[in-house]
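The structure appears right after this line, and notes come after that.
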Amino acid sequence: MVKPVVLLADSSPTRGRVEAELRKRYSADYEVLTAGSAAAALAVLGRLGDGQRPVSLVLADPWLPDATGTELLAQVRRRHPVARRVLLVAWGDQRSMSAAVAGSVLGDLDSYAVRPLTAPDERFHRDMAEQLGEWGRRAGVPRSEVVSVVGEEWAPRSHELRELLGRNSVPFGFHPAASPEGRRLLEQAGTRDVLPVVVMFDGRVLVDPANAELAEALGVPTKPGSDRYDVAVIGAGPAGLAAAVYGASEGLSTVVLEPVAIGGQAGSSSLIRNYLGFPSGVSGEELAVRAYTQALTFGAEYVYGSPASGLRAGGADLAVILADGSEVRSRAVIVATGMAYRRLGIPALDALAGAGVFYGAAASEARAMTGRCVYVVGGANSAGQAAVHLAPLCRTGHRAGARALARGQHVRLPDPGDRLGRQHHRPLPGRGDRRRRAGPPGPADPHRPGLRPGRNRGRQRAVRAHRGRAADPVAAGRGPA
Ligand SMILES: Cc1cc2nc3c(=O)[nH]c(=O)nc-3n(C[C@H](O)[C@H](O)[C@H](O)COP(=O)(O)OP(=O)(O)OC[C@H]3O[C@@H](n4cnc5c(N)ncnc54)[C@H](O)[C@@H]3O)c2cc1C
Numbered sequence: 000m001v002k003p004v005v006l007l008a009d010s011s012p013t014r015g016r017v018e019a020e021l022r023k024r025y026s027a028d029y030e031v032l033t034a035g036s037a038a039a040a041l042a043v044l045g046r047l048g049d050g051q052r053p054v055s056l057v058l059a060d061p062w063l064p065d066a067t068g069t070e071l072l073a074q075v076r077r078r079h080p081v082a083r084r085v086l087l088v089a090w091g092d093q094r095s096m097s098a099a100v101a102g103s104v105l106g107d108l109d110s111y112a113v114r115p116l117t118a119p120d121e122r123f124h125r126d127m128a129e130q131l132g133e134w135g136r137r138a139g140v141p142r143s144e145v146v147s148v149v150g151e152e153w154a155p156r157s158h159e160l161r162e163l164l165g166r167n168s169v170p171f172g173f174h175p176a177a178s179p180e181g182r183r184l185l186e187q188a189g190t191r192d193v194l195p196v197v198v199m200f201d202g203r204v205l206v207d208p209a210n211a212e213l214a215e216a217l218g219v220p221t222k223p224g225s226d227r228y229d230v231a232v233i234g235a236g237p238a239g240l241a242a243a244v245y246g247a248s249e250g251l252s253t254v255v256l257e258p259v260a261i262g263g264q265a266g267s268s269s270l271i272r273n274y275l276g277f278p279s280g281v282s283g284e285e286l287a288v289r290a291y292t293q294a295l296t297f298g299a300e301y302v303y304g305s306p307a308s309g310l311r312a313g314g315a316d317l318a319v320i321l322a323d324g325s326e327v328r329s330r331a332v333i334v335a336t337g338m339a340y341r342r343l344g345i346p347a348l349d350a351l352a353g354a355g356v357f358y359g360a361a362a363s364e365a366r367a368m369t370g371r372c373v374y375v376v377g378g379a380n381s382a383g384q385a386a387v388h389l390a391p392l393c394r395t396g397h398r399a400g401a402r403a404l405a406r407g408q409h410v411r412l413p414d415p416g417d418r419l420g421r422q423h424h425r426p427l428p429g430r431g432d433r434r435r436r437a438g439p440p441g442p443a444d445p446h447r448p449g450l451r452p453g454r455n456r457g458r459q460r461a462v463r464a465h466r467g468r469a470a471d472p473v474a475a476g477r478g479p480a
């Protein structure tokens, strides 16, 4: 496999030390290149092609001879949208720090790093490792597969499993049943009648498993380990995880009940920038993993797989009733159930949920949309995040770029007519091409949901107006859980 590039644009007297640290640590897996000016750096990036050769990280000195580092980094994004862009600052250099803060607020760069002072400088390498990890996540660099899922690509249960594993940070691979790898795994598993099939890291095979069955196979508890707790927290979103950390750290026996994904809705956020302690932001997935581990370290327990369906007073205790019929007894209960996505109420669309129509869009699902045309319905936070996940991977919708339909208004993403749009979006094929690509229309074709009269007529009209463009809509909008 071709090595992704790490590019250092630097002309300062300490450039040699930065270069040495980069080469020493990363040259086994990355090609480390250097440039002494912004023009030279852009020439290198140009030679690498617009997104054709992966560029993982660009580091820039704030004061290059021919431009500021921020100006250079702002241009990097146009050519290599998922490359991480870092400004290198020196200790005590307030002017560079001001440039880093301004560039970060304007979105011209992703982060800053302090130049290494010693060799090795682990603080510098921690920053580099974080940036390279984030690049790998955004670029969809395959991780080792703890779990392999084989299924029909557009089956709702395939989508549910992808979402479940992705949002719970389980490294997994999805293989369509008809693909060579899918066929190989099914042969190895000795089953092909019922899909999806899950092949575990140790060779165990689960045929169409329930969420709890899959959790148990991964070693996650699905039953409470104790008869009684001091605190039971319902829901493992940020609120529930924070309650678990504070409860457990005060020595209270604490259990967290979660049916879907640790991290709740925050797990689908590409970058949370307003959380305490993360000056460069943190992905929702990373935040969830850290909070989960923190609560676990303080002794909190997790019970996964069954939603709380009732609450009953029983003597001095409260009993949380779970949907599987079991109970969790506790002196106090914290309800932190957050929100659930509202459905549009269009039967034909809801019938395709998970099979071309998605509510919210986790990063794992965005990768499955590579090269497809996607319409995002909604115009607020979830829709914006879905667009961020999808835009670098998807093809443009018709003339005006990929679109988010926001309550009847059109919110435009980068226009394919401008430089950014031309580089990241291919135009849709002509009518004939489109028919060939989409296959024959019919009720099972996820690209052509036949809309029927019902509630939400305004939204139906908006969606219908865009029908026939071979789109995979992602719908967004939420209400209390
Ligand atoms: C795409 C996106 C991006 C965002 N970006 C930001 C941001 O940058 N900054 C910011 O401050 N906020 C952001 N938010 C909002 C933030 O994620 C929410 O405010 C936060 O997640 C709310 O936390 P919560 O724990 O209250 O609820 P949730 O995150 O909704 O978690 C609730 C949990 O409860 C579980 N649950 C529900 N019902 C039950 C039941 N019956 N039994 C057991 N468990 C149950 C759910 O499965 C879920 O895991 C974003 C949200 C989204 C969707």
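Per numbering that gives the first Met the number 0, the very first residue in the sequence shown carries number 0; after that it's consecutive. Where is the CB? At the ideal position from N, CA and C, for every residue including glycine.
(1) Per DSSP, Thr-253 forms a beta bridge with which residues?
(2) Within this structure, are the beta carbons of Gly-149 and Leu-105 separated by less than 8 Å?
(3) Using the rule of at least 16 other Cβ atoms within 10 Å of the residue's Cβ for burial, across every protein chain shown, is Met-338 buried or exposed?
(4) At a cut-off of 7 Å, would you count Asn-167 as near ligand 1, judging by its Cβ distance to the nearest heavy atom?
(5) Tell me whether Ser-103 sits in a helix, a strand or coil according to DSSP, three-state version.
(6) Measure the beta-carbon distance from Met-96 to Val-88 and round it to whole angstroms, keeping in mind my assumption that it falls under 8 Å.
(7) Can you tell me whether Tyr-25 is helix, strand or coil according to DSSP?
(8) Any heavy atom of ligand 1 closer than 7 Å to the CB of Gly-313?
(9) Could you pull the DSSP bridge partners for His-174 from this structure?
(10) Within a Cβ cutoff of 6 Å, which residues of the same chain sit near Arg-342, ignoring the five residues on either side of it in sequence?
(11) Run the CB neighbour count on Trp-134, radius 10 Å, all protein chains shown included, and call it buried at 16 or more, exposed below.
(12) Quick check: the Cα distance between Ala-315 and Arg-330, rounded to an integer number of angstroms?
(13) Considering only heavy atoms of ligand 1, does any lie closer than 7 Å to the CB of Met-488?
(14) Under 7 Å from any heavy atom of ligand 1, does the C-beta of Ser-381 make it?
(15) Look at the alpha carbon of Thr-69 and the alpha carbon of Ala-19, and state the distance between them as a whole number of angstroms.
(16) Just to confirm before moving on: does the CB-CB distance between Val-484 and Ser-168 stay below 8 Å?
(17) Judging by CA-CA distance, which residue of Ala-66, Ser-143 and Pro-306 is the nearest neighbour of Phe-200?
(18) Quick one: is the Cβ of Ser-267 within less than 7 Å of any heavy atom of ligand 1?
(19) Buried or exposed for Val-1, going by 16 or more other Cβ atoms inside 10 Å?
(20) How long is the line joining the alpha carbons of Val-123 and Glu-129, rounded to whole angstroms?
(21) Let me check understanding here. Comparing Cα to Cα, which of Gln-51, Arg-83 and Arg-125 lies closest to Arg-24?
(22) State yes or no: is the C-beta of Pro-208 within less than 8 Å of the C-beta of Val-302?
(23) Compute the minimum distance between the beta carbon of Asn-273 and the heavy atoms of ligand 1, and state whether it is under 7 Å.
(24) Which residues mark the beginning and the end of the beta strand (DSSP E) in which Thr-316 is found?
With the given structure in hand:
(1) In the sequence shown, the residue the question calls residue 253 occupies position 254. DSSP, once it has assigned bridges, lists Val-230 as partnering Thr-253.
(2) Looking up residue 149 in the sequence shown gives position 150. Looking up residue 105 in the sequence shown gives position 106. The question names Gly, but residue 149 in the sequence shown is Val. Not in contact: Val-149 and Leu-105 (Cβ atoms no closer than 8 Å).
(3) Mapped onto the sequence shown, residue 338 falls at position 339. Exposed is the call here.
(4) Here the question's residue 167 lines up with position 168 in the sequence shown. It does not: the Cβ of Asn-167 is nowhere closer than 7 Å to a heavy atom of ligand 1.
(5) For the purposes of this step, residue 103 is identified with residue 104 of the sequence shown, where counting begins at 1. In this structure, Ser-103 counts as helix in the three-state DSSP scheme.
(6) Your numbering for residue 96 matches position 97 in the sequence shown. Your numbering for residue 88 matches position 89 in the sequence shown. About 6 Å separates the beta carbons of Met-96 and Val-88, which is inside the 8 Å limit, making them a contact pair.
(7) Here the question's residue 25 lines up with position 26 in the sequence shown. Tyr-25 falls in the helix class under three-state DSSP.
(8) Locating residue 313 in the sequence shown gives position 314, where the first residue counts as 1. For Gly-313, the CB stays at least 7 Å from every heavy atom of ligand 1.
(9) Mapped onto the sequence shown, residue 174 falls at position 175. Beta bridge pairing from DSSP links His-174 with Val-149.
(10) Here the question's residue 342 lines up with position 343 in the sequence shown. Cβ within range, chain order: Asp-349.
(11) Within the sequence shown, the letter at position 135 stands for residue 134. Its Cβ being crowded by 16 or more others within 10 Å, Trp-134 is buried.
(12) Position 316 of the sequence shown, counting from 1, holds the residue named residue 315. Position 331 of the sequence shown, counting from 1, holds the residue named residue 330. Going from the Cα of Ala-315 to the Cα of Arg-330 covers about 7 Å.
(13) The question about residue 488 has no answer, for the chain in this structure spans 0 to 480.
(14) Within the sequence shown, residue 381 is the residue found at index 382, counting from 1. Checking the Cβ of Ser-381 against ligand 1 gives yes.
(15) As a first step, residue 69 is located in the sequence shown; it is residue number 70 there, counting from the start. As a first step, residue 19 is located in the sequence shown; it is residue number 20 there, counting from the start. Near 23 Å, if we compare the C-alpha coordinates of Ala-19 and Thr-69.
(16) Any question about residue 484 goes unanswered here, given that the chain covers just 0 to 480.
(17) Walking along the sequence shown from the start, residue 200 turns up at place 201. Comparing Cα positions, the closest option is Ser-143.
(18) Here residue 267 corresponds to residue number 268 of the sequence shown, with the count starting at 1. In this structure, Ser-267 has its beta carbon less than 7 Å from a heavy atom of ligand 1.
(19) Against the sequence shown, residue 1 aligns to sequence position 2. Around the beta carbon of Val-1, a 10 Å sphere encloses fewer than 16 other beta carbons of the protein chains shown; the residue is thus reported as exposed.
(20) Here residue 123 is taken as the residue at index 124 of the sequence shown, counted from 1. Here residue 129 is taken as the residue at index 130 of the sequence shown, counted from 1. Correcting the residue identity first, residue 123 is Phe in this sequence and not Val. When rounded, the distance between both Cα atoms is 10 Å.
(21) Within the sequence shown, residue 24 is the residue found at index 25, counting from 1. When C-alpha distances from Arg-24 are compared across Gln-51, Arg-83 and Arg-125, the shortest belongs to Arg-125.
(22) Translated into the one-based positions of the sequence shown, residue 208 becomes position 209. Translated into the one-based positions of the sequence shown, residue 302 becomes position 303. Not in contact: Pro-208 and Val-302 (Cβ atoms no closer than 8 Å).
(23) As a first step, residue 273 must be located in the sequence shown, where it is residue number 274. Checking every heavy atom of ligand 1 against the Cβ of Asn-273, one is found closer than 7 Å.
(24) Mapped onto the sequence shown, residue 316 falls at position 317. One detail in the question is off: residue 316 reads as Asp in this sequence, not Thr. Run containing Asp-316: 316-321, per the beta strand (DSSP E) assignment.
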